[in-house]
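Here is the structure we will look at, set down as structure tokens.
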Amino acid sequence: MSKDLPPEISTHAAPIEVPGNPDLSGNPVAHKGWRNPEVLLIFMAAAMPLSFSTWMALLNNFSIEMADFTGREIGILQSLREIPGFMAFSAIFVLLILREQTFALISLLVLGVGVAISGYFPTVVGLYCTTVLMSIGFHYFETMQQALSLQWVKKERTPLVMGRQLSAKSLSSLIMFGIVWVMLEIFNVEYRYVYLFGGALTILAAVVAWMAFPKFSDAHPQTKKLILRKRYWLYYALTFMSGARRQIFTVFAGFLMVEKFGYDVGTVTLLYLLNHAINMVLAPKIGHLISKWGERRALTFEYAGLFIIFVSYAFVENDKVAGGLYVIDHLFFAMAIAIKTYFQKIAEPADISSTAGVSFTINHIAAVFIPAAFGLLWLISPSAVFLAGAGMAVVSLFLALNVPHDPEPGNEVVMGYKSPQPMLRPAE
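For the sequence shown, position 413 (counting from the first letter as 1) is numbered 413 according to the UniProt record's numbering, and the numbering increases by one without interruption.
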């Protein structure tokens with residue numbers, strides 16, 4: 001791990017004009033026409049759910065009907081699925097060989113292959129192996145997508161562009177859930193061919209992205225080693241708490257709908273579709289709101305809202321109210337964009353790729369122990385699980401109040417360790 005460099009030697013290389021990159025500041029977003037970095041980021045964001053949503057839609061039925069899974073096997077599979085996320089820090093070692101854009105497209109290809117072949121291995125071990133392969137592609141892709149977004153997009157546009165990426169993901173997921181339903185319910189297509197179709201779409205999209213878009217220049221050379229900087233401590237803490245809260249939502253909120261309120265598969269699917277439809281419309285607006293409000297105000301609003309939602313989960317008795325909470329809960333997670341844009345504003349540009357991998361690992365630490373530990377707590381009191389989630393929201397709220405109104409190098413936090421003086425910046 002490298003240590004913080006003294007501010008006086010924290011300089012950046014002078015920007016270099018690259019063929020096809022007319023922006024002399026080194027920002028590759030200046031490409032004209034549709035073949036520009038922002039369009040590529042949105043295109044890749046839409047390509048990922050073509051296979052991942054297919055995998056999610058089929059997992060439970062396929063694992064039970066074809067691979068004879070019980071609760072034990074599905075629990076092991078979900079744990080295996082999270083391991084590549086926990087190991088996301090290793091992405092920095094791959095970047096010693098590959099550029100970020102190349103790595104992102106290869107990861108997208110691996111995700112597609114992992115899903116495409118899933119239906120051809122209907123055994124416990126086979127499904128474990130294809131799940132790990134799929135997950136490696138998924139988590140490395142998400143790591144690189146975040147790193148490229150923070151490198152390529154100008155700070156004032158990042159919330160809007162990330163909002164558009166979420167919107168593209170939701171639209172793609174919405175379409176694939178519909179296609180999977182039609183293939184299974186109307187045409188009675190075998191599982192293996194549904195998997196193959198979804199995976200092939202992502203593979204095709206990765207090939208199109210490789211051939212249709214130029215290789216964009218990096219605005220700043222990236223640090224090719226693992227780093228943990230003291231001045232990023234608040235970003236690390238916000239990222240860890242975000243991962244912890246995510247487990248409460250993904251593992252237990254949906255389970256509450258089924259166990260307590262008797263939601264059937266069709267009703268749960270409708271909730272998923274409603275979530276994606278709303279996100280598709282509102283995610284760009286949330287990105288715009290973050291640009292207008294700033295990270296401190298946006299995160300404060302998110303965590304205050306999540307506190308109310310988790311407390312409501314603990315005591316809700318009406319099935320329709322519970323469904324409404326589930327939809328609102330999902331929408332609030334779009335505001336997590338503010339954590340990423342906060343980091344973009346305080347970060348050394350050269351640290352972005354390395355820290356993207358480290359942050360994914362930090363985000364997944366909670367995934368290692370929360371599902372199992374809180375699963376035991378659920379047996380005693382489901383309400384206690386959500387009250388614990390409310391406690392996490394309170395901790396996150398206090399962390400958000402430590403975000404400055406105008407974060408930048410040298411002004412990373414209101415209280416606590418920060419850079420001794422503002423970091424030197426490249427010439428505009």
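Glycine included, every Cβ here is placed at the ideal spot set by N, Cα and C.
C-beta contact flag for P284 and L160 at 8 Å: In this structure, L160 lies closer than 8 Å to P284 by Cβ.
Can the beta-carbon of Y342 be found less than 8 Å from the beta-carbon of V403? The answer is yes: Cβ separation under 8 Å.
Where L40 and T355 are concerned, what is the direct C-alpha to C-alpha distance, given to the nearest angstrom? Between L40 and T355, the alpha-carbon positions lie close to 22 Å from each other.
Once the 5 residues before and after Q146 are set aside, which same chain residues still bring their CB inside 7 Å of it? Residues of the same chain with a CB within less than 7 Å of the CB of Q146, apart from the 5 flanking positions on each side, are K340, A356 in chain order.
Under the three-state DSSP convention, the category Y417 falls into: Y417 falls in the coil class under three-state DSSP.
Assigned secondary structure, E408 (DSSP; H/G/I helix, E/B strand, else coil): The answer is strand: DSSP assigns E408 an E or B state.
Is I337 helix, strand or coil by DSSP? When secondary structure is reduced to three states using DSSP, I337 falls in the helix class.
Using only the alpha-carbon positions, how far apart do G254 and T158 sit? Near 31 Å, if we compare the C-alpha coordinates of T158 and G254.
Closest Cα partner of L171 within the set Y272, G114, Y303, D406: Out of Y272, G114, Y303, D406, Y272 has the C-alpha closest to the C-alpha of L171.
The alpha helix (DSSP H) spanning V395 covers which residue range? Per DSSP, V395 belongs to the alpha helix (DSSP H) from 382-400.
What separation, rounded to the nearest whole angstrom, lies between the Cα atoms of L59 and S118? Taking the straight line joining both Cα atoms gives about 10 Å.
Exposure label - H288; buried when at least 16 CB within 10 Å: Around the C-beta of H288, fewer than 16 other C-beta atoms lie within 10 Å, and the residue is accordingly described as exposed.
What is the DSSP secondary structure of I117, reduced to helix, strand or coil? If DSSP states are grouped into helix, strand and coil, I117 belongs with coil.
Examine the Cβ distances between the stretch 317-329 and the stretch 364-376 and report whether three or more of them are shorter than 8 Å. No: the two stretches stay apart, fewer than three of their Cβ pairs being nearer than 8 Å.
Can you tell me whether DSSP reads I227 as helix, strand or coil? I227 carries a strand assignment under DSSP once its states are collapsed to helix, strand and coil.
Endpoints, alpha helix (DSSP H) assigned at Y326: If you look at Y326, you'll find it in the alpha helix (DSSP H) that goes 319-332.
Using a Cβ-Cβ cutoff of less than 7 Å, which residues in the same chain neighbour G389 once the five nearest sequence positions on both sides are dropped? Counting only Cβ-Cβ distances below 7 Å, and skipping sequence neighbours, we find R245, I248, F310.
Report buried or exposed for V110, applying the criterion of at least 16 other Cβ atoms within 10 angstroms of its Cβ. Flag for V110 reads buried.
Given a cut-off of 8 Å on the beta-carbon distance, is the pair A367 and G178 in contact? Against a cut-off of 8 Å, the Cβ pair of G178 and A367 comes out as no contact.
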